[in-house]
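Undergrad:
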Amino acid sequence: MKAIAYYASLPISDAKSLQDIDLPEPVAGPRDVLVEVKAISVNPVDTKVRQNVAPENGAAKVLGWDVAGVVKAVGSEVTLFKAGDKVFYAGSIARAGGNSELHVVDERIVGHMPKSLGFAEAAALPLTAITAWELLFERLQIRETKTNEDQRLLIVGAAGGVGSILTQLAKQLTGLKVIGTASREQTRDWVKELGADLVIDHSQPLSEELKRAGIDSVTHVASLTQTDQHLDQLVEALAPQGKLALIDDPKSLDVSKLKRKSLSLHWEFMYTRSLFETPDMIEQHNLLNRVAELIDAGTLKTTVGEHFGTINAANLRRAHELLESGKAKGKIVLEGF
């Protein structure tokens, strides 16, 4: 089967940083579904793994943790899917990624694809939807109700992949006042279109930007990028006993700064359930099905920013380059081999 992989961690400008190769077809284990990959999307985790994780023993390493496709076969213990089902999922970081014609994945982290979307539009959703859902409802413990209008959520980096779906979930499923951050006109317009009540500039001190907008404090923060750079401002902006959640990888974080206000810190990593095969691993199947229902009902919309064409090494290198620039809006998708 065709696949895109790398053999050494190289700068994305190097033609060998991602290569077109052929690999043997994978075989589904007992709880796995074998999926014919129709479309993928690209995430910052792809670039981080490529830059920092060398393949073992010179073997090819395949990236890609957002897939939409069709089930080709199922393992002996699979109960949730059958051949022919259209599915979408983010996969497991402990296994080979989905940048290949065929891919195997545990059924418990796979959802039925939204009926109203094509494969490319569906591929934009899984990883960011899981991350945003878990961050909002499980880490920050926001209730899915319209009665929490006294609470205020600040989303740092609201125009990115996770921010694009998180903004929608917060506006559509809760009563939160949602404040997004974006620093360019194009991304500010995108965040407003997604439903944010207010957009402020994260290139300026955030607590001062909030005060200029007439907001003294927020009760919750979702910090999706550059948490270490913004930490002092986030502590300043949070109300006493507020909650701070993050998804990025700061080199250091002085959590003692949270003590005076009794602020709580929450880390979201959407691979935790699949990595440790937690007892509640099937919750990712459930939430993906719920997201599909919300898409089909028109409550949420896909977050495709750009379509980069067919799934090959050259187009994936372009996608990695854009993500590494920090200027991506929404999700980058690729479709077909």
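The numbering used here puts the first residue of the sequence shown at 40, with every later residue one more than the last. Where is the CB? At the ideal position from N, CA and C, for every residue including glycine.
1) For the candidate residues K121, S301, I286, L263, whose alpha-carbon lies nearest to that of E275?
2) Counting only the same chain and skipping the five closest in sequence on each side, list residues whose C-beta sits under 6 angstroms from that of I204.
3) Beta-carbon separation of A44 and A99 under 7 angstroms?
4) How big is the Cα-Cα spacing for I371 and L249?
5) Compare the beta carbon distance of A252 and V238 with 7 angstroms and say whether it is the shorter of the two.
6) Is the separation between the beta-carbon of D287 and that of T311 shorter than 7 angstroms?
7) Measuring alpha carbon to alpha carbon, tell me which of G348, I334, E316 ends up nearest E146.
8) Restricting to Cα atoms, I'd like to know which of N82, H346, G281, A336 is closest to G365.
9) Can you find the residues in the same chain that come closer than 6 angstroms, C-beta to C-beta, to V101, ignoring five residues on each side of it along the sequence?
10) Specify whether the stretch 86-95 and the stretch 64-78 touch according to this definition: at least 3 beta carbon pairs, one from each stretch, less than 8 angstroms apart.
11) Give the straight-line distance between the Cα atoms of R191 and V217, rounded to the nearest whole angstrom.
12) For K185, is the classification buried or exposed, using 16 other Cβ atoms within 10 angstroms of its Cβ as the cut-off for buried?
13) Taking the alpha carbon of S262 as the reference point, which residue from V201, D255, T213 has its own alpha carbon closest?
14) For T256, name the three-state secondary structure that DSSP assigns.
15) Check D124 in the structure and name its three-state DSSP category.
16) Put E345 into one of helix, strand or coil per three-state DSSP.
17) Should L327 be labelled buried (16 or more other beta-carbon atoms within 10 Å of its own) or exposed?
18) Report buried or exposed for Q272, applying the criterion of at least 16 other Cβ atoms within 10 angstroms of its Cβ.
19) Is it true that the CB of T349 sits closer than 7 angstroms to the CB of Q211?
20) Less than 6 angstroms between the CB of A197 and some heavy atom of the ligand FAD, yes or no?
21) Could you name the residues of the same chain whose beta carbon sits closer than 6 angstroms to that of W229, not counting the 5 residues immediately before and after it, in chain order?
22) When you compare the CB positions of H305 and R223, do they come within less than 7 angstroms of one another, or not?
23) Please work out which residues of its chain come closer than 8 angstroms, Cβ to Cβ, to V294, disregarding the five sequence neighbours upstream and downstream, and give them in chain order.
24) Distance, Cα to Cα, L314 vs K340?
25) Between the alpha carbons of Q243 and G103, how many angstroms are there, rounded?
26) Could you give the residue range of the alpha helix (DSSP H) that holds V274?
27) Per DSSP, which one or two residues make a beta bridge with V72?
28) Which first and last residues belong to the alpha helix (DSSP H) in which E322 is found?
TA: Reading from the atomic positions:
1) S301
2) T167, A168, A171, T342
3) yes
4) 30 angstroms
5) no
6) no
7) E316
8) N82
9) A42, A44, A135, G136, N138, S139
10) no
11) 6 angstroms
12) exposed
13) V201
14) It should be noted that the sequence gives Ser, not Thr, for residue 256. Reduced to three states, the DSSP call for S256 is coil.
15) coil
16) strand
17) buried
18) buried
19) no
20) Ligands in the displayed structure: none, and consequently the ligand FAD is not present.
21) A198, K368
22) no
23) L304
24) 29 angstroms
25) 34 angstroms
26) 266-276
27) V113, V144
28) 322-335
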